[in-house]
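Student: Numbering (this note's numbering), first residue to last: 4 to 121. Just passing along the structure, written as structure tokens.
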């Protein structure tokens, strides 16, 4: 009976830790969404599934893809120059392209040719 109590305690501790981490990510997503930092929202949502933040993740992903497309489309106006992009925004986009497989496949090679931070 003593062994059963220990296993139950370990299970409850692990369950609690997993629950805390999940709530922490959801809080970060909601905070970034409130701040309209859609690149961060999309990055945090990549690989994370939760009904509680489904709307925020969907909006964040859509706005982030629009931002990437907007920057890349500027390249058409200046085809022989790299675009100068704020280093913080470039870092966030590069992290998103690494974390989100769909966006990475779609934009990573174009992004490398397009951007240059300042």
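Positions of the beta carbon are idealized from the N, C-alpha and C atoms, including for glycine.
(1) Going by CA-CA distance only, name the one from 28, 38, 35 and 37 that's closest to residue 50.
(2) Relative to the C-alpha of residue 75, which residue among 33, 64 and 116 is closest?
(3) For residue 73, count the other beta carbons within 10 Å of its own beta carbon; 16 or more makes it buried, fewer makes it exposed. Which is it?
(4) Residues in the same chain with beta-carbon distance under 8 Å from residue 2, minus the five sequence neighbours each way, listed in chain order, please.
(5) Using CA atoms only, rank isn't needed, just tell me which of 98, 54, 37 and 68 is closest to residue 26.
(6) Identify whether residue 81 lies in helix, strand or coil by the three-state DSSP scheme.
Tutor: In terms of the structure at hand:
(1) Residue 28 is the option with its Cα nearest to residue 50.
(2) Of the candidates 33, 64 and 116, the one whose C-alpha sits nearest the C-alpha of residue 75 is 116.
(3) Within 10 angstroms of the beta-carbon of residue 73 lie fewer than 16 other beta-carbons, which makes it exposed.
(4) The structure shown does not extend to residue 2, since the chain spans only 4 to 121, so no value can be given for it.
(5) 54
(6) coil
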